[in-house]
Structures are given as C-alpha cells and as structure tokens.
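So for the sequence shown, our numbering puts the first residue at 58; every next one is plus one.
Here a beta-carbon is modelled for each residue, glycine too, at the ideal position from N, C-alpha and C.
All values derive from a computational prediction rather than experimental measurement.
Report on the structure given below.
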Amino acid sequence: MANSFREDSEGVASTVATLFALLCAVLFLQAAVISVIPAREYAAERNTSVQALQALDYLRYAAVGAAVQGGQFSVTIPLGTPATSAFATASDGTLAFNTGSVAPANISLAYVPTIHDSRITKVDQDIVLAIDSSGSMSTNDPGRLRIQAAKDYIGRLSRPDRVASVDFDSTAHLTLQNIGGPAHHLFSTYNNGIPDYSGAQTDINSIDQSGSTNFGAALFVANNELISYGVRSHAWVIILLTDGQNTCCPNQAAGDAQARLEAARAKANNITVYTIGLGPDADGALLQEISTTTGGTYYAAPTADAIRFIYLEIANHYSGSVACGTITTASSVSGSLTLARANRQYPAQTMSLEAGGVTLSQAGGATIHQGIPFEFTPRDLGTGSLRVTLITFVGAPFQAAGSDYAFINAQFLYANTNEQTIIRPDLGDQATAVGNTSAYVQYWGGQGAATPGAVAAVRQPLNQAQARLNWGDTNASAGKLSLAKFNVDSAQSQLSAAVTTTNQQVTLGNMQSWLGKAVNDQIFFVSCLLTQWENWYNGITLTIQSPSAAAWALWFADAFRTTGALTTYGFSGNKVVLTVNAVDRFTVDERVIQLSTS
C-alpha cells in the first residue's frame, strides 16, 4: 500500500519556513507600530492643541469686539485628542470655568478731576455786623480801622453766606437806613452775595461817629434781622463792636438790662454773639457775659489796629479748611477658562483665558499668547493716552473632561466705556502760589500778626519749596518727568515742614492763630494740587494675580517697549503690578460676559 504522508524531512522543513515568515511579518508590523503610531499621535495632539488655543483666541477676540447687550456667540474647544487608530490611546484634557478670585486682574486709578478752594468743612452763615458809631470812636478809632476790618470780613464771605450791618450809637439802624435810605437786609442784593458782596462793603462807609452808646439796641435790631430773615440751615452770628458802656436809654442800668435781655433772646434762637471791646473804657465784663451766654467769645482790642485781626480770628470759626478732593476709581475683573491637556506624545500644556489675555504653560515655563487688550497713544513730552479693555466672565462654574469637544456659549450681559481726563496741574503756577504765600507771611508779619523770627522760620521752607517747584517745572517742560517727580516730592516735604513750623509758631504765641490757619490753608491748597500732579505721574496701575505672573511681567515690558510710554513693573510670587505713568487720558472699556457649556 502506498504511503499517503510526506517524508518527515520534507514536512519539518516546510513548517519551519512558515513559522519564520510569520515571525518576520510580526517583527515588521511591530516596528511599524513603534515608529508610525507615536508620530501620528504627536501630530494629532499638536493639531488639537493648536485648535484649542485658537478657540480661546477666538473667544477673546469676540469678547473685545463690538458688544451688543444680549448678543451671543459660541466656540468649540477640543478637550483632548481621540485615538488615531485601533493601536493608539486617546489623550484626555480637562476644561474648567471658575469665577471669583481664581485669576483676577485689578485696575486702579487715582486722580483729582477738579481741585479748587472748596472749604469742605465751611459753615454757611447769616451774619450781622453791629458797629459802634458813638462820638468816642473819633478818639479811639480816628483812622476808621474798624470800618476796613468789617469790609475785610465781608470780603472773606462766599455764597450762600449773607450779611447785614447795624450802625448804633444812642439808637440802632440797619445800613443804609441809618442815613435815611432803605434798609439793606440779609436778602438784599449784594448782602446775599449776588452778584458779589461789594455793595455790602460799601454800606459800611455810611457808619459815622457821633452820639452816645446803646449796644442793647444794636442787639435788638440784629436779633430781629436774623429771626425774621435768617435761613435756618445757616449759622446765625452777630459780631458786636463797641468802645464804651451803655450811656443812655435812659441810663446805663436800663441799657445793660436790655443788653442782657437780648442776649437771652439770642441764646433762645441759637444766635451766637461775638463781642469786641475797643480800648480801656469798654465794658468788658458785660461784653464777656453776653458772649458767654450765647456761646460766643469776647475779644479785648487794646487799639484799633487789633480789630482787623480779631475779625479774622472770628472768621476762622466758619471758613472751614481746604481739603483734597481725591477720587480713586477702581475696576476689577475675574473669571478664568482653563484647559489642562495631558498629552501622551506632544508636550502636556495648560492654556487659560484670564485677565482678558490667553496664557500658555508648558514644561519650559509660561508665556502670554495674547495680552490684555490695550492701546497707548503718545502725546507730548512723555505723556500719553491709554485705553484698556477689561473682560469679566460670569456664570455657574463648570468642568468638562475627556478627549471629545466642549461647546462654550457666551452672552454679553454688560458693556460700558468710561473715559477719564486726568488733570495735570502746572508746576510753574504752583511755584508762584508758594511764593505768594511766602510774601503773604512777610506782609502780615510787617502788620504785627507775627514776630520777625516767626516770619523767617515759616518762609524758609516755603522758599525752598518754591525753588524745587521751579526746577520741577523746568524738568517737566523738557520731558524729564522722573526728575520732575523727584522735585515735586521734595517740594511736598518742604511744604509739610512749613505747616509744622507754622503750627509751632502759633503755639509759642509768635504768630496769631488766624494767620497760621490762613497760611496752612494756602499750603494745603498747593499740596492738594501737587498730590494731583503725583497722581497723574503715577498713572494707571494694573494688578494681576496669576500663576503666570512672571510671564505677565515680561509681556508688559515687551508690549510697551515700542510705545514710548513711561512704565514700571514688578512681581512677587503670583502677583504682578504693572504701571503706566503720566497718562493724560484713560479709557476703560468694561465687558461682562456670561459663559455656559452644552
């Protein structure tokens, strides 16, 4: 019978050949997988990473574009990368939207839009000046200094203050009623400050010097004027000046009784009476009693020269003080959309839409792919205009993970543009103002309101401040703003020293208190304007809290390098502070956008 099986040698040889061929095929396929699939994964992950970054770019550009309240747009973001083949593995990513302080950018601006001698603590007043016109005044005040002092007091009033004046000797009348004309009341033209107080000052000229003294009658007329025509929201004030005692009506006792009665009536109606006794014959005890009863003060004037200073001292009770009108404007933004991509072949990365910009973090560090939207326009001598767009994202926090796509919906909730012009005071003008204050101190020192030593002590720092401001003006005009800032800071120190010295001289009795206050008010006014200049120079400050703080600092330096702007920056940890100095005009474009996913 024939053998149906092959010879053993032939069968073995065939099997070995087949197995060897299969092994070669497997090794070839493995080599192909090792070399081809990772490359495909790398390319795919790079492609989806670019798409994700472009999606965040689109979201940023849409957010800073034309804004219509209620307008909507959407964007698709690849979270990870799907598997490229049956032999490959998908790489996942995690997208998280956070609100609050996760990645805030705060912007603050300090400025004084207008500054003027606004006496913030000023008390509006209705005041009656009761001035003695008895015959003895021809001896005690031959130069009619009391008339000029009263005019000076009226000249310090400002609307809505109102004033009336009373001429009294044996009888009392409002001016011009004292010379047969119409009575000028608190509400009369000029007495009410409209158009000014010049007419009220002219009325004082009608006060003569003849007859006896009856200051009880003067208080009666003054009380009637305030009670009948006073504005209740104003302080009601009487300043009574006399050089004698009640010598009539029909005798001193009766006159004194009327004066006490009127003092009580003034107190009952919240009228404050200040009394001035001129010369040695004034009834200081009764005048003291009247002022004490009504909450006022009695002033003894040894000579007519002192009257002017007393009026100025009384004026301090109502004139108030100059205060800086600094306003600080602050805006803040929050909300971040962060995608962490855990790639297998392409470098892992985290990209984030924060502070109106797009950041990209990889193993080598962080970079700013898109910065905060801004425009800087140079102006003259190192100054410029700055426009910044601030984007706040709101909505319920959400998270999406995997290798698929996330669909982000955005809706404009709010858009507003706020433009601020930042005032830059002229340093030359402030130097002139300080020089005027120094001359003011010298003048009043010559009038006896301060000793020569006090005048010299106060003027020394004032003159130093003036010199530094002149230097600052020269540097600013040459565009040397940093040097000008140094000069202004130095001038501020000298002005502070002048205030301290003035207060010391008043305390020592070397300078009258009214003069000290007037000098300080003038200094404070200039200091306010210099503070405004410093605010202008300090410019706009942006504070960003972010894990990419160092990258934000580098972006800021690079972005502004070619703009011509004067800038400074610094960072510590996760916080970076960016400053653009000397900004004349600042525009903030604020956007609030609600994000959601579907």
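| query | result |
| --- | --- |
| Could you pull the start and end residues of the beta strand (DSSP E) that I333 belongs to? | I328 to L335 |
| Hey, A467 and I601: beta-carbon distance below 8 Å or not? | no |
| Taking the beta strand (DSSP E) that D183 falls in, what are its first and last residues? | Q182 to D189 |
| As a quick exercise: from T105, Q129, V121 and R103, pick the residue whose alpha carbon is nearest that of S653. | Q129 |
| If V649 sits next to L470, beta carbons under 8 Å apart, how far is it from one beta carbon to the other, in whole angstroms? | 5 Å |
| Reducing DSSP to helix, strand and coil, say where T654 ends up. | strand |
| If I measure Cβ to Cβ from S158 and keep anything under 6 Å in the same chain, skipping five residues before and after, which residues do I get? | Unreliable placement is indicated for S158, whose pLDDT of 49 sits below 50; no coordinate value is reported for it. |
| Counting beta carbon pairs with one atom in the segment 317-336 and one in the segment 353-360, are three or more of them shorter than 8 Å? | yes |
| Would you kindly work out how many angstroms separate the C-alpha atoms of E319 and A279, rounded to a whole number? | 9 Å |
| Using CA coordinates, which residue listed in L116, V633, G621 and S195 is at the minimum distance from E432? | G621 |
| With burial defined as no fewer than 16 other Cβ atoms inside 10 Å of the residue's Cβ, what is the status of S576: buried or exposed? | The amino acid at residue 576 is misidentified as Ser; the sequence shows Val. Under this definition V576 is a buried residue. |
| What would DSSP say about D209, mapped onto helix, strand or coil? | helix |
| Indicate, with yes or no, if the ligand ADP has a heavy atom lying under 7 Å from the CB of T598. | The ligand ADP is absent from the structure shown, which contains no ligands of any kind. |
| Please report how far the alpha carbon of G414 lies from the alpha carbon of G492, in whole angstroms. | 50 Å |
| Over what stretch of residues does the beta strand (DSSP E) that includes K483 continue unbroken? | Note that residue 483 is Asp in the sequence shown, not Lys. No beta strand (DSSP E) contains D483, which DSSP labels as neither H nor E. |
| May I ask you to list the residues that DSSP assigns as paired with S222? | L186 |
| If you draw a straight line from the C-alpha of T133 to the C-alpha of T625, how long is it? | 38 Å |
| Just checking, does the segment 516-524 make contact with the segment 555-565 on the three C-beta pairs under 8 Å criterion? | yes |
| Please look up how many angstroms separate the CB atoms of L417 and Q406, rounded, as I've assumed it's under 8 Å. | 6 Å |
| Just to confirm the assignment: which complete beta strand (DSSP E) runs, minimum length 3, are found wholly within the segment 247-306? | 292-299 |
| Can you give me the start and stop residues for the alpha helix (DSSP H) that T228 sits inside? | Neither: T228 is in no alpha helix (DSSP H) and is coded neither H nor E. |
| Is Q111 helix, strand or coil when you go by DSSP? | helix |
| Can you tell me which residues form a DSSP beta bridge with G423? | First, the amino acid is wrong: residue 423 is Ala here, not Gly. Beta-bridge pairing links A423 to S418. |
| Starting from M194, follow the alpha helix (DSSP H) in both directions and report where the run begins and ends. | M194 to N197 |
| Skipping 5 residues on each side, what residues in its chain have a beta carbon closer than 8 Å to that of A372? | Y210, R213 and W571 |
| Go to A608, then tell me how far its alpha helix (DSSP H) extends in each direction, as first and last residue. | A606 to F617 |
| Quick check: the segment 497-517 against the segment 455-467, are at least 3 beta-carbon pairs closer than 8 Å? | no |
| Can you tell me whether Y118 is buried or exposed? The criterion is at least 16 other CB atoms within 10 Å of its CB, across all chains shown. | exposed |
| Given this structure, state the Cα-to-Cα distance separating V583 from Q182, to the nearest angstrom. | 26 Å |
| To the nearest angstrom, how far is the alpha carbon of S175 from that of E591? | The predicted model places S175 with a pLDDT of 40, which falls under 50 and marks its position as unreliable; any figure quoted below should be read in that light. Cα to Cα, the separation comes out at about 20 Å. |
| Strictly by DSSP, which residues pair up with F455? | F154 |
| Strictly by DSSP, which residues pair up with N475? | V645 |
| Count the other C-beta atoms from every protein chain shown that fall within 10 angstroms of the C-beta of Q523, then say buried if there are 16 or more, exposed otherwise. | buried |
| Assign G630 to one of two classes, buried (16 or more other C-beta atoms within 10 Å of its C-beta) or exposed (fewer than that). | exposed |
| Is it a yes or a no for the segment 254-261 touching the segment 311-331, going by three-plus beta-carbon pairs under 8 Å? | no |
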